[in-house]
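Using my numbering, the first residue of the sequence shown is number 355, and each one after it goes up by one. First the structure, in the form of structure tokens, and then the observations on it.
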Amino acid sequence: MKIKVLNQGSDGQIRLESKGTIKEVMINEDFFHPEDETIAIGFKGRNTSGLIEFTSKELEELLKEVKKRTHLIKDFKVLKE
355 MKIKVLNQGS DGQIRLESKG TIKEVMINED FFHPEDETIA IGFKGRNTSG
405 LIEFTSKELE ELLKEVKKRT HLIKDFKVLK E
């Protein structure tokens, strides 16, 4: 996976790009506050690692948008990583 981040700092805009693989998917359930449930995707690259955290609503919206576009993909092949 590729990660591209644009960060606004005191020096101006800083662009960060990194490649990595997904290592773990963590689901944080809160029984007392179910609306605060989060899903975190852990990734690790050569020089970077981190978490991307979604609320359940954000992940549902992402899944809905991806499903709309999957009909555009006919076939794919992995040549070499």
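We treat Cβ as the ideally placed atom computed from N, Cα and C, and that holds for glycine.
Distance from the CA of R369 to the CA of Q362, rounded to the nearest whole angstrom, comes to 9 Å. R423 carries a helical assignment under DSSP once its states are collapsed to helix, strand and coil.
Assigned with DSSP and collapsed to three states, K398 falls in strand. Counted as a single uninterrupted DSSP element, the beta strand (DSSP E) harbouring F408 occupies residues S403 to T409. Check the Cα spacing between T392 and each of R400, T402, I406 and V432: the tightest is with I406. Setting aside the 5 residues that flank it on each side, S372 is surrounded in the same chain by I357, G399 and T402, each with a C-beta closer than 6 Å to its C-beta; the list follows chain order.
Contact check for I376 against F408 fails: the beta carbons are separated by 8 Å or more.
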